[in-house]
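Just below is one structure, and these are the notes that go with it.
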Amino acid sequence: MDDDERKIEEISPELTEFLSEPMTRFEVISLLQPLRSALLSTFHGSMTALGLIALHATDEEIKEKAKKTFKELDDVFEEIDTFDNRLGKLLKGDPNWPHENGDTVNE
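In numbering that gives the first Met the number 0, the protein residues as written are 0 to 106.
Structure representation (structure tokens):
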């Protein structure tokens, strides 16, 4: 028997029941906030690097690609704003929000 099989057998029924229960809003938010922070830091660093490349690269093609990618990353920050808005509503207990594209609620 390998280690993975042994570890699965060692999970108690209480732990299995706990892990099978749905998460509360607070638990979901506690998991998502660090992810959001990590994404923001990563994209901020990427935009800083792309800005430096766009300003200081000697090859015009590389400069243009950096500028284009920089502008595309701006869309990521718009999505993060949407995420923040939805997360705020989730914190308030309002799980319903309309999608910006006119899609159905909570799809």
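Yeah, the Cβ is synthetic: ideal placement off N, Cα and C, and Gly gets one too.
| Check | Outcome |
| --- | --- |
| Is the beta carbon of K67 within less than 7 angstroms of some heavy atom of the ligand FMN? | Absent from the structure shown: the ligand FMN. Ligands present: none. |
| Just how far apart, CA to CA, sit L89 and L34? | 16 angstroms |
| Buried or exposed: where does A37 fall if 16 or more other Cβ atoms within 10 Å of its Cβ makes it buried? | exposed |
| Does the beta-carbon of A48 have 16 or more other beta-carbons within 10 angstroms, so that it is buried, or is it exposed? | exposed |
| Suppose the cutoff is 8 angstroms on Cβ atoms and the five residues either side in sequence are ignored; what does the same chain contact list for G69 look like? | A quick correction: the sequence has Phe, not Gly, at residue 69. Closer than 8 angstroms at the Cβ level, and outside the excluded window around F69, lie M46, L49, G50, A53. |
| Provide the residue span of the alpha helix (DSSP H) that contains M22, from first to last. | Looking at the DSSP string, M22 is not in any alpha helix (DSSP H), and its letter there is neither H nor E. |
| Where do the ends of the alpha helix (DSSP H) carrying G87 lie? | 59 to 90 |
| Considering Cα atoms alone, identify which of M22, I28, A65 is closest to K119. | Residue 119 lies beyond the range of the chain shown here (0 to 106); nothing can be said about it. |
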